[in-house]
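Notes for the one structure printed next.
Number of protein chains: 2
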Amino acid sequence: MNEMDISLILFTLDQGKIKVLLLHREEEPFRGYWMLPTVSLKENKTIEELVEEHLHTLGMKGLCTKQVGVFSDLKRVPKTRTLGLAIMSWIDTKSFELKETIREEHNWFELDLLPKVIYDHQEMIEKAQESFISVLLHTNELLTLFPSDFTLPELQDTYEELLGYSLDRRNFRKKLIQYDVLEDTGYKNEGMNGRPAKLYRFKEDSDLTNLF
Amino acid sequence: MNEMDISLILFTLDQGKIKVLLLHREEEPFRGYWMLPTVSLKENKTIEELVEEHLHTLGMKGLCTKQVGVFSDLKRVPKTRTLGLAIMSWIDTKSFELKETIREEHNWFELDLLPKVIYDHQEMIEKAQESFISVLLHTNELLTLFPSDFTLPELQDTYEELLGYSLDRRNFRKKLIQYDVLEDTGYKNEGMNGRPAKLYRFKEDSDLTNLF
DNA sequence: CCAAAAGTGTTTTCAGTACACCCATGC
DNA sequence: GCATGGGTGTACTGAAAACACTTTTGG
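The following block contains the structure:
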């Protein structure tokens, strides 16, 4: 006999940084604050169905999701006791654009530049972040976040962000080449400062699970 | 506005095998079946409080726990819609004995010798198992499950169970010795078949996180 | 003395690490 | 031509893997 809210922690990778999608709250209380996109659990729906529906309203579908945890503190939201289920998912920025109507009130934020968020959403984000990093390092989900045309320095920046320490450029390249997961697109990333970087894509069925 | 049950998946390691604690159900429906120890979430308690209390009734306290996931299928239990939260924990068999009153109706089962369990408890156990293995391989919780006086072959059996493949005995020993985590107790495991194995304990503050 | 399980060393191989200079572009 | 960032090769080191015989106990 408890209310339960489902909050979505949606991550993306952009230029080697992890970003999370937040919604700008237009109603009281906490009007003007940012928050995680959240829905209430209905009695006639499973969690998976609700999450799928909610992602659909954001213009996404078929994403992998992962439960992060249930938050049950008695005062986590004002008034009635409400459980908070945190669900994590991820999508790539390049092949995805937020629907026009949705975009206005949503925004991607870098993890170390988060605005103040309501309730225990900060805690949810932190816990989801751990889980996200772990998924990226130990599965092949990174492939879905790096569709065609990325540069090696960009990939290296990403791994440095995930691992929390920096890597030697030459050794990083050597490793990726050795693992035989890269395909040269033949194009270069022109128009930037300095020498243009080659653009790559991942080969089909690449296995990154043991890279780091 | 949903009921929620909290089910405990309590693991232990015994002679290189993972075991899970099940309760023999004495009431209808499903009288005679086995199940995970389960309590209902109250409106005035957090999940952590309830789990702690429940563990206390089993005679354990201060254990680490980890949420495994919420199961929300509409028909996972008969009659009313009830969410199922699976919570995993672990304890060592040697330093722990089930309370007399509790022991009668509970039993430890090896994972590949599980009896039939009710509802979706099988699924919970499987998901918890993954999580348990991951915790043991990537944290130092194994230390709490191997208090003083274990043999190296026993430890090796455990790692083989966790990893799902077998290890070379000489290389295993070499690695453990190299990591400098073992302390010889001076005793031997006598009375068994064959040459008695030396008994070890882990040194304080050993780090096993990068062993495998 | 036989069966059963524990203990022990060496060699090879491969991946990780450290490290400094040249190259392609924009301005 | 200079600033900026990208690309490249080599030598060293240390861990992982492969592998067979001896030792200690109980019966």
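For the protein sequence lines, the chains are Z and V, in the order given.
Residue numbers for the first sequence follow the numbering used here, beginning at 1 and rising by one.
Residue numbers for the second sequence follow the numbering used here, beginning at 1001 and rising by one.
Note that the Cβ used here is the ideal one computed from N, Cα and C, for glycine as well.
Under 7 Å Cβ to Cβ from residue i, same chain only, skipping five residues before and after it: list those, please.
i: K1017/V; result: E1110, E1161
i: S1072/V; result: L1083
i: T1185/V; result: S1148, D1149, L1199, Y1200, R1201
i: K94/Z; result: P147
i: E49/Z; result: none
i: T1080/V; result: E1003
i: N44/Z; result: none
Applying the 10 Å Cβ sphere with the 16-neighbour rule, what's the burial state of residue i?
i: D120/Z; result: buried
i: Y159/Z; result: buried
i: G194/Z; result: exposed
i: Y200/Z; result: buried
i: F212/Z; result: exposed
i: L1163/V; result: exposed
i: M1192/V; result: exposed
i: P78/Z; result: exposed
i: S1089/V; result: buried
i: K1174/V; result: exposed
i: F1096/V; result: exposed
i: K19/Z; result: buried
i: I1125/V; result: buried
i: L213/Z; result: Given that chain Z is displayed from residue 1 to residue 212, the structure contains no residue 213/Z and the question cannot be resolved.
Below 8 Å CB to CB, which residues in the same chain sit around residue i once its five sequence neighbours on both sides are set aside?
i: D1092/V; result: T1012, L1013, T1144, L1145, F1146, P1147
i: T1082/V; result: N1002, E1003, M1004, D1005, R1076
i: R1025/V; result: R1031, G1032, Y1033, W1034, M1035, I1118
i: K1099/V; result: L1058, G1059
i: E1190/V; result: P1196
i: D207/Z; result: N140, Y179, V181
i: L63/Z; result: L55, S89, W90, I91
i: I1087/V; result: I1006, S1007, L1008, I1009, I1047, V1051, T1065, K1066, Q1067, V1068
i: K1188/V; result: P1196, A1197, K1198, L1199
i: P941/V; result: This structure cannot settle anything about residue 941/V, because the visible part of chain V is limited to 1001 through 1212.
i: R103/Z; result: E97
i: E1105/V; result: L1023, H1024, E1026
i: K127/Z; result: V68, G69, A86
i: K61/Z; result: E52, L55
i: E1183/V; result: Y1200, R1201, F1202, K1203
So, under 8 Å CB-CB, residue i and residue j are touching, yes? Tell me the CB distance rounded to an integer number of Å.
i: Q1067/V; j: E1154/V; result: About 30 Å separates the two Cβ atoms, so there is no contact after all.
i: H1138/V; j: T1209/V; result: 6 Å
i: L8/Z; j: V1070/V; result: Not really, about 15 Å apart at Cβ, beyond 8 Å.
i: T1046/V; j: L41/Z; result: Contact doesn't hold; Cβ gap of about 18 Å is too wide.
i: T1151/V; j: K1203/V; result: Wrong, their Cβ atoms sit about 16 Å apart, outside the cutoff.
i: W108/Z; j: L176/Z; result: Contact flag wrong, Cβ pair sits at about 27 Å.
i: Q156/Z; j: F172/Z; result: 5 Å
Give every residue of the same chain whose Cβ lies closer than 6 Å to the Cβ of residue i, excluding the five residues on either side of it in the sequence, and list them in chain order.
i: P37/Z; result: L8, L23
i: L1136/V; result: L1142, L1162
i: S166/Z; result: E160
i: D168/Z; result: none
i: Q122/Z; result: none
Problem - Interfacial residues, the stretch 1190 to 1205 of chain V to chain Z, with Cβ spacing under 7 Å - result: If the cut-off is 7 Å between Cβ atoms, the stretch 1190 to 1205 of chain V has nothing near chain Z.
Practice task
Taking a Cβ distance cut-off of 7 Å, strictly less, list which residues of the stretch 65 to 78 of chain Z are near chain V, in chain order.
Solution key: Taking 7 Å as the Cβ-Cβ cut-off against chain V, the residues of the stretch 65 to 78 of chain Z that qualify are Q67, G69, V70, S72, D73, L74.
Handout entry: Whole runs of the alpha helix (DSSP H) within the stretch 20 to 82 of chain Z, excluding any shorter than 4 residues
Key = Correct list: 47 to 57.
Exercise for the section: Give, in chain order, every unbroken run of the alpha helix (DSSP H) that is at least 4 residues long and sits entirely within the stretch 1139 to 1192 of chain V. Expected result: 1142 to 1145, 1152 to 1163, 1169 to 1179
Exercise for the section: Closer than 7 Å, Cβ to Cβ, to anything on chain V: give me those residues from the stretch 45 to 64 of chain Z, in chain order. Expected result: T46, I47
Problem - Near-chain V residues of the stretch 128 to 146 of chain Z - C-beta to any C-beta below 7 Å - result: If the cut-off is 7 Å between Cβ atoms, the stretch 128 to 146 of chain Z has nothing near chain V.
Practice task
Let me know the beta strand (DSSP E) ranges lying completely inside the stretch 93 to 131 of chain Z, each 3 residues or longer, listed in chain order.
Solution key: 106 to 110
Practice task
Could you run through the stretch 74 to 106 of chain Z and flag, in chain order, every residue whose CB is less than 8 Å away from some CB of chain V?
Solution key: L74, R81, L83, L85
Practice task
Report the residues of the stretch 1015 to 1042 of chain V with a CB closer than 8 Å to any CB of chain Z, ordered along the chain.
Solution key: Along the stretch 1015 to 1042 of chain V, the positions whose C-beta sits under 8 Å from a C-beta of chain Z are L1041, read in chain order.
Practice task
Return the residues of the stretch 108 to 130 of chain Z that lie within a Cβ-Cβ distance of less than 7 Å from chain V, sorted by chain order.
Solution key: Cβ contacts with chain V: none found.
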